[in-house]
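Novice: In the working numbering, the protein residues as written are 3 to 170.
Every residue gets a Cβ at the ideal spot worked out from N, C-alpha and C, and that includes glycine.
Everything numeric in this text was worked out from a predicted model, so none of it was measured.
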């Protein structure tokens, strides 16, 4: 029984994407959720409640039995000349808002030396820790390349409750 997430595809396109930009139709997985999807996994088997996208926590709520985190995607830094991508760094201080911009890119493109361009994203993720599970509710389509996954971030995640499309 394989992961049911591999059967989902996000064919939606971000209508706010600049003309002439690349169009991405990422498959929705537990590590890289895309589109309007929901899924859960056991908290004891999850070392993290994170995903592969660069997400910024802009709001949270804690109670005795539940912790809720609202996150927004920071997009990526991408080379305008090739496929090189860099994951944005999270802003260090100041007022954090839903659509905060990341810190400037650390480097130039490692392939051709060009200045990296920020590709913003409007996708959102709600993460709820409750009753021994972590519940994920993802909204929006990532209109940018997937960031490179570092070795320490690579993980095999078992989704115990299937990803399902939300009814809009």
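Hey, residue 94 and residue 104 are a contact pair by Cβ (cut 8 Å); roughly how many whole angstroms apart?
Specialist: Not a contact, Cβ separation roughly 10 Å.
Novice: Measure the Cβ-Cβ separation of residue 122 and residue 56 and say whether it is below 8 Å.
Specialist: no
Novice: Could you pull the start and end residues of the beta strand (DSSP E) that residue 73 belongs to?
Specialist: 68 to 75
Novice: Helix, strand or coil for residue 128? Go by DSSP, reduced to three states.
Specialist: strand
Novice: Taking DSSP's pairing of strands, which residues face residue 44 in a bridge?
Specialist: Beta-bridge analysis with DSSP links residue 44 to 135.
Novice: Can you name, in chain order, every residue of its own chain whose Cβ lies under 6 Å from the Cβ of residue 139, other than the five neighbours on each side?
Specialist: 40, 128
Novice: Across the region 104 to 118 and the region 64 to 71, are there enough close Cβ pairs to call them in contact, namely three or more that are closer than 8 Å?
Specialist: no
Novice: Closest to residue 102 by CA distance: which of 67, 85, 60 is it?
Specialist: Checked all of 67, 85, 60; the closest Cα to residue 102 is 60.
Novice: Return the CA-CA distance between residue 124 and residue 45, expressed in angstroms with no decimal places.
Specialist: 27 Å
Novice: In this structure, does DSSP put residue 118 in helix, strand or coil?
Specialist: coil
Novice: Taking the alpha-carbon positions, what's the residue 79 to residue 112 distance?
Specialist: Their Cα atoms are separated by approximately 12 Å.
Novice: Looking only at DSSP bridge pairs, what is residue 83 linked to?
Specialist: Looking at the DSSP assignment, residue 83 forms no beta bridge with any residue, so it has no partner.
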